[in-house]
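One structure below.
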Amino acid sequence: MQLNYIHDFTLNTKQDFLAVQQKLKRLIHLSNAIDTDSLQTCAGVDLAYWEENGESFGVCSIIVLDVHTKKVVEKVHHFGNINVPYVAGFLAFRELPLIVEAAKKLTIEPDVFLFDGNGYLHPHHLGIATHASFFLNKPTIGIAKTYLKIKNHDFKMPDNQIGAYTDIVIEGEVYGRTLRTRQDVKPIFLSCGNFIDLESSYQITMTLINQESRLPIPVRLADLETHALRKYYRD
DNA sequence: GCGACAG
DNA sequence: ATCTTGTCGC
Numbered sequence: 330m331q332l333n334y335i336h337d338f339t340l341n342t343k344q345d346f347l348a349v350q351q352k353l354k355r356l357i358h359l360s361n362a363i364d365t366d367s368l369q370t371c372a373g374v375d376l377a378y379w380e381e382n383g384e385s386f387g388v389c390s391i392i393v394l395d396v397h398t399k400k401v402v403e404k405v406h407h408f409g410n411i412n413v414p415y416v417a418g419f420l421a422f423r424e425l426p427l428i429v430e431a432a433k434k435l436t437i438e439p440d441v442f443l444f445d446g447n448g449y450l451h452p453h454h455l456g457i458a459t460h461a462s463f464f465l466n467k468p469t470i471g472i473a474k475t476y477l478k479i480k481n482h483d484f485k486m487p488d489n490q491i492g493a494y495t496d497i498v499i500e501g502e503v504y505g506r507t508l509r510t511r512q513d514v515k516p517i518f519l520s521c522g523n524f525i526d527l528e529s530s531y532q533i534t535m536t537l538i539n540q541e542s543r544l545p546i547p548v549r550l551a552d553l554e555t556h557a558l559r560k561y562y563r564d
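Position one of the first sequence corresponds to residue 330 (my numbering), numbered consecutively onward.
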């Protein structure tokens, strides 16, 4: 599978993007069970944006954590131009160029990557987490803060208890789950990225939750880091 | 024309 | 995502 398209500016129409998603869709594998105890490291990925002289810039941060000590073991980032506009359903085409470059700077090869955005929970099962797996060749998990409505299907609110969830089933297929990671806090929307099953994704996500945020630690830290980096690059 | 719309 | 002040609560 040729993946250099991510830097090809001729691939910028919705039809082109759709064609790519349809092809990659066949290569998704969600039956792989991964035991949390067998993991060593996991990474969180996020981006921040800003405008300067009418140009769009972005910075991607990847934070790698030791799963068991919860300590940061590596931190990389990549800053650059943003050329693709945000269109719901096509987020990956906008964010992947910076993500791929940032990932190249990693010396550690994380066992799993957690993304700020959907994975399989997507109209074509190709949210950012799933799409990115084909570049990283590693298991990925999607963590979205708001719900992306698919086929007019609404999500069912889980109980107000840590770990409670309701699966998002659309036309008989499980797309992901609405997950309460903290009590009295809005749920997150979890879905497989690729090369991992939903149950493992759930276990890993819950293992990475602390009192600081409803988001798993690596994603939260990457979010904070991108804001700090933006402040740095702006000045 | 109007509303929806991951980040 | 980003632009932004105050404000409620632990």
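The C-beta atom is built at its ideal place from N, Cα and C for all residues, glycine as well.
Where the alpha helix (DSSP H) containing residue i begins and where it ends
| i | result |
| --- | --- |
| TYR476 | Neither: TYR476 is in no alpha helix (DSSP H) and is coded neither H nor E. |
| LEU353 | 343 to 354 |
| PHE524 | Here PHE524 belongs to no alpha helix (DSSP H), and DSSP marks it neither H nor E. |
| ILE457 | 457 to 465 |
| THR555 | 546 to 563 |
| VAL429 | 420 to 433 |
Rounded separation between residue i and residue j - CA only
| i | j | result |
| --- | --- | --- |
| PRO426 | TYR415 | 14 Å |
| GLU502 | GLU554 | 36 Å |
| TYR449 | LYS560 | 33 Å |
| VAL363 | GLU528 | The amino acid occupying residue 363 in the given sequence is Ile; Val does not appear at that position. For ILE363 and GLU528, the distance between alpha carbons rounds to 9 Å. |
| LEU572 | ILE538 | Nothing in the structure corresponds to residue 572, since the chain is present only between 330 and 564. |
| TYR476 | PHE518 | 7 Å |
| ALA377 | GLU500 | 35 Å |
| ARG423 | LYS343 | 12 Å |
| THR436 | ILE491 | 34 Å |
| PRO452 | LYS480 | 8 Å |
| LEU558 | ASN410 | 14 Å |
Reduced DSSP secondary structure (H/G/I, E/B, other) of residue i
| i | result |
| --- | --- |
| SER360 | coil |
| PHE571 | The displayed coordinates of the chain run from 330 to 564. Any statement about residue 571 would go beyond what the structure contains. |
| GLU541 | coil |
| TYR531 | helix |
| PHE518 | strand |
Enclosing beta strand (DSSP E) for residue i [first to last residue]
| i | result |
| --- | --- |
| HIS407 | 401 to 410 |
| ASP496 | 494 to 499 |
| GLY504 | In the sequence on display, residue 504 carries Tyr and not Gly. That run of the beta strand (DSSP E) goes 502 to 508. |
| VAL374 | 370 to 381 |
| ILE391 | 384 to 395 |
Taking 8 Å as the threshold, find out whether the segment 512 to 519 comes into contact with the segment 451 to 469 through three or more Cβ pairs. With the rule of 3 Cβ pairs closer than 8 Å, the segment 512 to 519 does not count as touching the segment 451 to 469.
Check your understanding: Would you call the segment 468 to 475 and the segment 436 to 451 touching, i.e. three or more CB-CB distances under 8 Å?
Key -> They touch, by the three-pair rule.
task = Would you be able to state if there are at least three C-beta pairs under 8 Å between the segment 391 to 401 and the segment 343 to 361?
result = The segment 343 to 361 is not in contact with the segment 391 to 401.
- Task: Could you say if the segment 403 to 418 and the segment 484 to 491 meet the contact criterion of at least three C-beta pairs nearer than 8 Å?
- Result: When Cβ pairs closer than 8 Å are counted between the two stretches, the segment 403 to 418 is seen not to touch the segment 484 to 491, the count staying below three.
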